[in-house]
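Engineer: To convert, take the position in the sequence shown, counting from 1, and add 2; that gives my numbering.
All C-beta atoms, glycine included, are put in the ideal place defined by N, C-alpha and C.
Just so it is clear, the structure is predicted and the values come from calculations on it, not from any experiment.
Okay, here's the structure, questions in a sec.
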Amino acid sequence: MPLSKHIDAEKLEHKLLKLSTKTPVSDREEYIFDYSSNRPVPKHQIPVRSSNKDLVLKYIEEELSLDGVPTLNMASFVNTSVESIPLKLISDNITKNLADNDEYPSLLEHQSRCMSILSDLWHAPKNDDGTTDTIGTSTTGSSEAIMLAGLALKKRWQEKRKAEGKSTENPNIIMSSIAQVALEKFARYFDVENRTINVNEGSEHVIDVNKIKENIDENTIGIFVILGSTFTGNFEPVEKINDLLDEVEKETGLDVKIHVDGASGAFVAPFVYPNLKWDFALPRVVSINTSGHKFGLTTAGLGWVIWKHNDYLPELLRFKLDYLGGVEETFNLNFSRPGFPVLHQYYNFLTFGREGYTKIFDSCIQNARLLSQYLTESGYYEVLSVIHEKISEDEAKKIFTLDTKDQLELGEVAVSNQGYRPGLPVVSFRFSKEFRHKYHSIPQSMISLLLRNKGFIVPNYNLSADEHDKEILRVVVRPSCNLNLLEKLIKSITESTELLLKAYDTVMEVFSADHSQEPATKKQLIHDLLLSIASDGVIDKKKAQTKLLDKEGTGHHKHKKSYRGAC
């Protein structure tokens with residue numbers, strides 16, 4: 003049969019199955035069914051006949067075993083672990099529809115409690131009786147929450163323009179080029195011009211505040227500010243932007259408000275940076291979103307968006323629904339959705355409390371800082387995230403300006419991270435300048451591939467468009483990344499890097515060798531190189547062990563290359 007550069011594996015499999023003998027299987031079988039060997043499982047059409055549910059479960063579980071291990075997925079911000087007790091709470095409420103207010107009024111009550119807790123956490127202004135005028139909703143995630151917040155900004159701008167007898171055409175919104183795709187989607191889906199502010203190394207890979215003013219005009223509906231870049235974890239300076247917008251209003255009369263995209267940061271900042279002023283404590287911050295399923299530590303499918311005051315959510319966007327307890331206002335892009343993530347969030351608030359969340363996130367930051375310091379000290383890498391960078395007391399006073407008593411009951415642990423630059427527990431890194439100069443032919447993406455061979459998922463990707471020439475590797479240090487796992491990751495990164503260095507030296511040896519060198523020698527060098535990379539360095543370790551044991555006087559016989567399996 004001639005060699006082919008491309009084979010349709012599924013088509014060839016089906017062809018061979020038609021020619022093969024079939025195992026006789028009845029509908030009553032408990033250990034084997036047709037999909038075991040007789041015919042491929044249906045992938046594009048529903049099967050005609052029913053199948054044993056236990057065997058179907060076994061089949062699906064076997065296929066899912068090919069996926070990565072969630073704990074080793076260092077790419078994701080989404081929580082990947084659930085303990086047994088909240089899992090029972092989830093299981094008991096898994097069929098409840100959050101949109102069904104008549105049937106499940108308690109779900110609605112728990113949602114309201116969560117929003118009140120978040121409002122308090124984000125320093126919403128309080129009335130004399132201790133209540134707030136905030137309004138908000140749970141969502142399926144931060145993407146939906148951002149759409150809703152953007153819509154509120156747009157409608158409020160339109161209402162103001164109509165009242166002034168001015169045009170409502172050509173609205174625009176400001177955001178940085180590191181904005182998550184949901185922010186860009188809002189602009190495109192709802193016909194708002196996206197005025198993107200570039201980021202650069204000088205602005206620490208977040209929005210360049212100096213370029214905001216020139217992009218504001220009478221059609222600017224607001225600005226999205228990101229508390230935690232998905233590229234580096236760095237926080238955009240919300241307070242500095244707030245003060246700049248005050249200057250703009252004094253100069254032009256334009257009143258521009260801020261929405262904070264705190265998908266991860268709005269949960270992390272209140273606990274590990276209690277004196278950072280980024281939330282409703284700032285006059286221009288009118289709405290905030292966050293993801294419960296990220297650092298809120300719930301299961302996937304939960305986001306939150308809260309407005310500082312009723313007035314910031316236009317009446318036009320609200321829908322009133324009757325239910326047993328009265329009339330409920332709703333503002334969502336989705337309707338039917340599971341209610342258990344809301345219960346999981348409330349469970350976490352009660353279980354962890356301020357103390358628990360503080361200690362959990364402090365541990366995450368501490369481990370992320372250790373990884374940053376190790377990578378820098380290794381000389382192989384430079385780190386673009388900033389949480390490992392110490393700051394002076396004077397710098398800290400300029401950054402952490404919020405006067406709050408939130409941290410007093412918890413003591414030193416609540417402010418221990420305020421001696422460093424603020425950010426998410428994220429480590430973004432790339433080959434160091436010296437490494438790139440000396441080993442310019444080594445593709446950084448190979449580190450990601452080699453780590454994948456070890457089970458770790460560490461993405462390698464380019465920075466945003468204005469820094470697209472820079473590739474970075476990124477690790478999100480979630481609560482599931484304890485010190486033991488971090489040590490294994492550090493070791494794996496080091497081994498993978500040094501494996502590539504050895505491979506590079508081998509290639510250089512082949513190319514720089516005397517042309518009179520035997521072809522067989524070059525062939526062996528290339529063979530050893532490819533085998534070393536393919537085995538993720540295991541072959542090199544085996545050779546080193548063999549060489550060590552083959553020495554006379556060690557008590558070992560000459561090593562044989564045959565494989566001796568366990569009996």
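Going by the CB atoms, is the gap between Leu335 and Ala149 shorter than 8 Å?
Structural biologist: Position 147 of the sequence shown, counted from the first residue, corresponds to residue 149. Position 333 of the sequence shown, counted from the first residue, corresponds to residue 335. One point to set straight first is that residue 149 is Met, not Ala, in the sequence displayed. Taking 8 Å as the Cβ cut-off, Met149 and Leu335 qualify as a contacting pair.
Engineer: From Lys380 to Ala283, what does the alpha carbon distance come to, in whole angstroms?
Structural biologist: Residue numbering aside, residue 380 sits at position 378 when the sequence shown is read from its first letter. Residue numbering aside, residue 283 sits at position 281 when the sequence shown is read from its first letter. In the sequence as displayed, the identity of residue 380 is Ser instead of Lys. So the alpha carbons of these two residues sit roughly 41 Å apart.
Engineer: Any idea what DSSP makes of Pro481, helix, strand or coil?
Structural biologist: Along the sequence shown, one-based indexing puts residue 481 at 479. It is coil, neither helix nor strand.
Engineer: Could you check how far apart the C-beta atoms of Glu384 and Phe354 are, in whole angstroms? I think they sit under 8 Å.
Structural biologist: Counting from 1 along the sequence shown, the entry for residue 384 is found at position 382. Counting from 1 along the sequence shown, the entry for residue 354 is found at position 352. Taking the Cβ atoms as the reference, Glu384 lies roughly 35 Å from Phe354, outside the contact range of under 8 Å.
Engineer: Counting pairs of beta carbons, one from the segment 440–450 and one from the segment 37–53, are three or more of them closer than 8 Å?
Structural biologist: Result no; under three Cβ-Cβ pairs closer than 8 Å.
Engineer: In the DSSP assignment, what residue or residues form a beta bridge with Met177?
Structural biologist: Locating residue 177 in the sequence shown gives position 175, where the first residue counts as 1. Answer is Thr198.
Engineer: With a CB to CB cut of under 6 Å and the five nearest residues on each side skipped, what residues in its chain are close to Thr332?
Structural biologist: Here residue 332 is taken as the residue at index 330 of the sequence shown, counted from 1. Phe321 and Leu323.
Engineer: Put Pro340 into one of helix, strand or coil per three-state DSSP.
Structural biologist: For the purposes of this step, residue 340 is taken as the residue at position 338 of the sequence shown. Of the three classes helix, strand and coil, the one that applies to Pro340 here is strand, per DSSP.
Engineer: Starting from Tyr463, trace the beta strand (DSSP E) both ways and give me its first and last residue.
Structural biologist: Counting from 1 along the sequence shown, the entry for residue 463 is found at position 461. Taken as a continuous stretch (DSSP letters only), the beta strand (DSSP E) holding Tyr463 covers Asn462 to Asn464.
Engineer: For Tyr37 and Gln446, what's the separation of their Cα atoms in angstroms?
Structural biologist: In the sequence shown, residue 37 corresponds to position 35, counting from 1. In the sequence shown, residue 446 corresponds to position 444, counting from 1. Each residue's Cα considered, the two are about 42 Å apart.
Engineer: What are the residues that DSSP puts in a beta bridge with Arg476?
Structural biologist: Here residue 476 is taken as the residue at index 474 of the sequence shown, counted from 1. Note: Arg476 sits in a beta bridge opposite Ser430.
Engineer: Taking only runs of the alpha helix (DSSP H) that begin and end inside the segment 10–52, which ones reach a length of at least 4 residues, in chain order?
Structural biologist: With a minimum length of 4 residues, the continuous alpha helix (DSSP H) runs that stay inside the segment 10–52 are 11–21 and 36–39.
Engineer: Cα-Cα, which of Leu120, Lys162 and Val250 is closest to Phe273?
Structural biologist: For the purposes of this step, residue 273 is taken as the residue at position 271 of the sequence shown. Nearest option by C-alpha distance: Leu120.
Engineer: Can you give me the C-alpha to C-alpha distance between Ile9 and Tyr382, rounded to a whole angstrom?
Structural biologist: The count along the sequence shown starts at 1 and reaches residue 9 at position 7. The count along the sequence shown starts at 1 and reaches residue 382 at position 380. When rounded, the distance between both Cα atoms is 40 Å.
Engineer: Starting from Ile290, trace the beta strand (DSSP E) both ways and give me its first and last residue.
Structural biologist: Here residue 290 refers to the residue found at position 288 of the sequence shown. Val287 to Ser293 is the extent of the beta strand (DSSP E) around Ile290.
Engineer: Touch check for the segment 207–225 and the segment 171–187: three-plus C-beta pairs under 8 Å?
Structural biologist: yes
Engineer: Using 8 Å for Cβ pairs, my map puts His585 next to Leu465. What's the rounded Cβ distance?
Structural biologist: Outside the modelled stretch of the chain, which goes from 3 to 569, sits residue 585, for which no answer is possible.
Engineer: If you reduce the DSSP assignment to three classes, tell me which class Glu469 lands in.
Structural biologist: As a first step, residue 469 must be located in the sequence shown, where it is residue number 467. Residue state for Glu469 is assigned as helix, using DSSP reduced to three classes.
Engineer: What's the gap between the Cα of Ala184 and the Cα of His346?
Structural biologist: Here residue 184 refers to the residue found at position 182 when the sequence shown is read from its first residue. Here residue 346 refers to the residue found at position 344 when the sequence shown is read from its first residue. Straight-line measurement puts the Cα of His346 at about 25 Å from the Cα of Ala184.
Engineer: Which runs of the alpha helix (DSSP H) fall wholly inside the segment 218–287 and span at least 4 residues, in chain order?
Structural biologist: 240–254 and 267–274
Engineer: Within its chain, find whatever has a CB closer than 6 Å to the CB of Asp313; leave out the 5 residues flanking it on each side and keep chain order.
Structural biologist: Position 311 of the sequence shown, counted from the first residue, corresponds to residue 313. Around Asp313: no qualifying Cβ.
Engineer: Using DSSP with H/G/I as helix, E/B as strand and the rest coil, what is Ile137?
Structural biologist: Translated into the one-based positions of the sequence shown, residue 137 becomes position 135. Ile137: strand per DSSP, three-state reduction.
Engineer: For Tyr275, I'd like the list of residues in its chain whose CB is within less than 8 Å of its CB, leaving aside the five on either flank, ordered along the chain.
Structural biologist: Counting from one through the sequence shown, the residue named residue 275 turns up at place 273. If we look at Tyr275 and ignore the five residues flanking it on each side, its Cβ neighbours are Phe402, Asn419, Gln420 and Pro424.
Engineer: Does the segment 129–143 come within contact of the segment 295–311, defined as at least 3 CB pairs closer than 8 Å?
Structural biologist: yes
Engineer: Strictly by DSSP, which residues pair up with Val307?
Structural biologist: Taking the sequence shown and counting its residues from 1, one reaches residue 307 at position 305. Val307 pairs with Thr139 and Asn291.
Engineer: Note the first and the last residue of the continuous beta strand (DSSP E) segment covering Val385.
Structural biologist: As a first step, residue 385 is located in the sequence shown; it is residue number 383 there, counting from the start. Looking at the DSSP string, the run of the beta strand (DSSP E) that includes Val385 is Tyr383 to Val385.
Engineer: CA-CA distance, Ser114 and Ser482?
Structural biologist: The residue labelled residue 114 in the question sits at position 112 within the sequence shown. The residue labelled residue 482 in the question sits at position 480 within the sequence shown. Their Cα atoms are separated by approximately 29 Å.
Engineer: Got a sec: is the Cβ-Cβ distance from Thr508 to anything in chain B below 8 Å?
Structural biologist: In the structure shown, chain B does not exist; there is a single protein chain.
Engineer: Specify, as a first and last residue, the run of the alpha helix (DSSP H) that Phe188 falls within.
Structural biologist: To locate residue 188, count along the sequence shown from 1; it is residue 186. Annotation: the continuous alpha helix (DSSP H) that includes Phe188 extends over Val183 to Tyr191.
Engineer: Which one or two residues does DSSP pair with Ile209 in a beta bridge?
Structural biologist: As a position in the sequence shown, residue 209 is number 207, starting the count at 1. Ile209 is bridged to Val201.
Engineer: Anyone know if the C-beta pair for Lys296 and Phe79 falls short of 8 Å?
Structural biologist: By 1-based counting over the sequence shown, the position of residue 296 is 294. By 1-based counting over the sequence shown, the position of residue 79 is 77. Cβ distance < 8 Å, so Lys296 and Phe79 count as in contact.
Engineer: With distances taken Cα to Cα, identify the nearest neighbour of Ile260 among Ala268, Val287 and Val201.
Structural biologist: Residue mapping note: residue 260 aligns to position 258 of the sequence shown, counting from 1. Checked all of Ala268, Val287 and Val201; the closest Cα to Ile260 is Val287.
Engineer: Can you list, in chain order, the residues of its chain with a C-beta nearer than 7 Å to that of Glu241? Leave out the 5 residues immediately preceding and following it.
Structural biologist: Working through the sequence shown from its first residue, we reach residue 241 at position 239. These residues qualify, in order along the chain: Lys279, Trp280, Leu284 and Thr403.
Engineer: How far does the alpha helix (DSSP H) with Ile148 in it extend, from its first residue to its last?
Structural biologist: As a first step, residue 148 is located in the sequence shown; it is residue number 146 there, counting from the start. Here the alpha helix (DSSP H) through Ile148 covers Ser144 to Ala165.
Engineer: Using DSSP with H/G/I as helix, E/B as strand and the rest coil, what is Thr508?
Structural biologist: Stepping through the sequence shown from its first residue, residue 508 is reached at position 506. Correct three-state label for Thr508: helix.
Engineer: Quick check on the DSSP output: the alpha helix (DSSP H) that includes Phe437 runs from which residue to which?
Structural biologist: Within the sequence shown, residue 437 is the residue found at index 435, counting from 1. It spans Lys435 to Lys440 - the alpha helix (DSSP H) in which Phe437 sits, taken as one unbroken run.
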